[in-house]
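Written below as structure tokens is the structure these notes are about.
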Amino acid sequence: MTDFLTTDAGRRIAYERLDGQGPGVVFLGGFRSDMQGAKALHLREWAAAQWRSFLRFDYSGHGESGGAFEEGCIGDWAADALAAITALTEGPQVLVGSSMGGWISLLIARGHPERVAGLVTIAAAPDFTERGFWAGFSEEQRGELNRDGQVALPSEYGAPLILTRRLIEDGRQRLVLDQPLALPFPVRMLQGTADADVPVSWAHDLLDHVSGDDIRLTLVKGADHRFSSPACLSLIVATIEDVVQNVRL
Numbered sequence: 001m002t003d004f005l006t007t008d009a010g011r012r013i014a015y016e017r018l019d020g021q022g023p024g025v026v027f028l029g030g031f032r033s034d035m036q037g038a039k040a041l042h043l044r045e046w047a048a049a050q051w052r053s054f055l056r057f058d059y060s061g062h063g064e065s066g067g068a069f070e071e072g073c074i075g076d077w078a079a080d081a082l083a084a085i086t087a088l089t090e091g092p093q094v095l096v097g098s099s100m101g102g103w104i105s106l107l108i109a110r111g112h113p114e115r116v117a118g119l120v121t122i123a124a125a126p127d128f129t130e131r132g133f134w135a136g137f138s139e140e141q142r143g144e145l146n147r148d149g150q151v152a153l154p155s156e157y158g159a160p161l162i163l164t165r166r167l168i169e170d171g172r173q174r175l176v177l178d179q180p181l182a183l184p185f186p187v188r189m190l191q192g193t194a195d196a197d198v199p200v201s202w203a204h205d206l207l208d209h210v211s212g213d214d215i216r217l218t219l220v221k222g223a224d225h226r227f228s229s230p231a232c233l234s235l236i237v238a239t240i241e242d243v244v245q246n247v248r249l
């Protein structure tokens, strides 16, 4: 059942919370994704069966939450995630961040490490507004963004993807690969080799960049960005269980 949280910023966030044993698990979805996706639903079923505390939610402008997607940015969505974790969970949580959710989970880990018991990333996309979008823009697109405040990109999902200057400029203020990043808890990174959205090299870059004494990267040959095949979903669950077993509270 979907409930709603109004954040201090006035944004209305849709969420579902399951009570259970700790440490709880929080799923952070990707860019333009929502909490009805295959990974979020699979983890909900797993958490219910294990009586594990679990939280999934929609960022503002995503899914059932209020707001327009085009008006949001990484800072807004990271603030939404932190508001949900703060208001709806108790104690350190195991964060499971998919794609953009991986970036947001790293921002939370950097700013509020006391709320993080462990971290699982799935095709993590830290700094993607800069390394992906901005780096891939043509000079014409960069000019259009600066002149009009937005640029439209073709999308395989139908309507063009509108990217705003605010999204790009805010992303530059939230980079995590440009300064040291300590992760003093169990960290497991999952990455498919056939991911067309997040290059495998990004996973290696993140592994090389972060510091911590319990960090592992697992590559899955042939897995794509969705990482939602039955085998991938089973691997995600097994990885979370491994992190939970290694949490030091």
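The sequence shown maps to residues 1 to 249 in the UniProt record's numbering.
We treat Cβ as the ideally placed atom computed from N, Cα and C, and that holds for glycine.
message: Within a Cβ cutoff of 6 Å, which residues of the same chain sit near ALA81, ignoring the five residues on either side of it in sequence?
response: Cβ neighbours of ALA81 beyond the five flanking positions: LEU28, ILE104.
field: 6 Å Cβ shell around ASP34 - same chain, five flanking residues per side excluded
entry: Here the set comprises ASP58, HIS62, GLY63.
message: Can you look up GLU144 in the DSSP assignment and give me helix, strand or coil?
response: In this structure, GLU144 counts as helix in the three-state DSSP scheme.
message: Check this for me: beta carbons of ALA123 and GLY192, under 8 Å apart or not?
response: It is a contact, given that the beta carbons lie within the stated cut-off.
- request: Check whether the Cβ atoms of GLY171 and THR218 lie closer than 8 Å to each other.
  value: No, they are not a contact pair.
field: Cβ contact check for the segment 33-51 and the segment 88-103: 3 or more pairs under 8 Å
entry: The segment 33-51, when compared against the segment 88-103, does touch it at the 8 Å Cβ threshold.
- prompt: Going by alpha carbons, who is nearest to ASP127 out of LEU145, GLU139, VAL25, GLY102?
  reply: Looking only at LEU145, GLU139, VAL25, GLY102, the smallest Cα-Cα distance to ASP127 is reached by GLY102.
message: Taking only three categories from DSSP, how would you classify GLN245?
response: It is helical.
query: Quick check: the segment 106-114 against the segment 46-53, are there 3 or more CB pairs under 8 Å?
result: No, the segment 106-114 is not in contact with the segment 46-53.
- prompt: Leaving out the 5 sequence neighbours to the left and right, which residues in its chain are closer than 6 Å to ILE215 when beta-carbon positions are compared?
  reply: These residues qualify, in order along the chain: VAL187.
- request: Within the same chain, show all residues whose beta-carbon is closer than 7 Å to that of LEU153, passing over the 5 residues directly before and after it, in chain order.
  value: Hits under 7 Å: PRO160, LEU161, LEU163.
- prompt: Along the chain, which unbroken stretches of the alpha helix (DSSP H) at least 4 residues long are found entirely within the segment 134-205?
  reply: As far as the segment 134-205 is concerned, its whole alpha helix (DSSP H) runs of at least 4 residues are 139-148, 165-172.
- prompt: What are the start and end residues of the beta strand (DSSP E) that includes residue 288?
  reply: In the structure displayed, the chain extends from 1 to 249; residue 288 sits before or after that span and is not available.
message: Helix, strand or coil for ALA47? Go by DSSP, reduced to three states.
response: Three-state DSSP puts ALA47 in a helix.
query: Which class does PHE31 belong to by DSSP, given the choice of helix, strand or coil?
result: Reduced to three states, the DSSP call for PHE31 is coil.
- request: Locate the beta strand (DSSP E) running through THR86, then write down its first and last residues.
  value: Unbroken run through THR86 is the alpha helix (DSSP H), 74-88; no beta strand (DSSP E).
message: Since VAL244 and PRO92 should fall inside the 8 Å C-beta cutoff, what is the C-beta to C-beta distance between them, to a whole number of angstroms?
response: Contact between VAL244 and PRO92 does not hold, since the beta-carbon distance rounds to 11 Å and is not under 8 Å.
Distance, ALA223 Cα to GLU144 Cα: C-alpha separation (whole angstroms): 35 Å.
- prompt: PRO53: buried (16+ other C-beta within 10 angstroms of its C-beta) or exposed?
  reply: For clarity, residue 53 is Ser in the given sequence; the question names Pro instead. SER53 counts as buried, since no fewer than 16 other beta carbons sit within 10 angstroms of its beta carbon.
- prompt: Ordered along the chain, which non-local residues of its own chain (more than five positions away) have a Cβ less than 8 Å from that of TRP18?
  reply: Trp is not the amino acid found at residue 18; the sequence shown has Leu there. Cβ contact annotation for LEU18 (same chain, cutoff 8 Å, sequence separation greater than five): ARG44, ALA47, ALA48, ARG52, SER53, PHE54, LEU55, in chain order.
- prompt: What is the residue span of the beta strand (DSSP E) that SER53 lies within?
  reply: Taken as a continuous stretch (DSSP letters only), the beta strand (DSSP E) holding SER53 covers 52-57.
query: Looking only at C-alpha atoms, which of LEU106, ASP195, VAL151 sits nearest to GLU70?
result: The shortest C-alpha separation from GLU70 is found at VAL151.
field: Distance, ARG248 Cα to SER211 Cα
entry: The alpha-carbon atoms of SER211 and ARG248 are separated by roughly 17 Å.
- request: Mind checking who THR218 pairs with in its DSSP beta bridge?
  value: As a beta-bridge residue in DSSP terms, THR218 pairs with LEU190.
task: Find out if the Cβ-Cβ distance for the pair ALA117, PHE185 is shorter than 8 Å.
output: In this structure, PHE185 lies closer than 8 Å to ALA117 by Cβ.
query: Quick one: what's ILE13 bridged to in DSSP?
result: Paired residues: LEU5.
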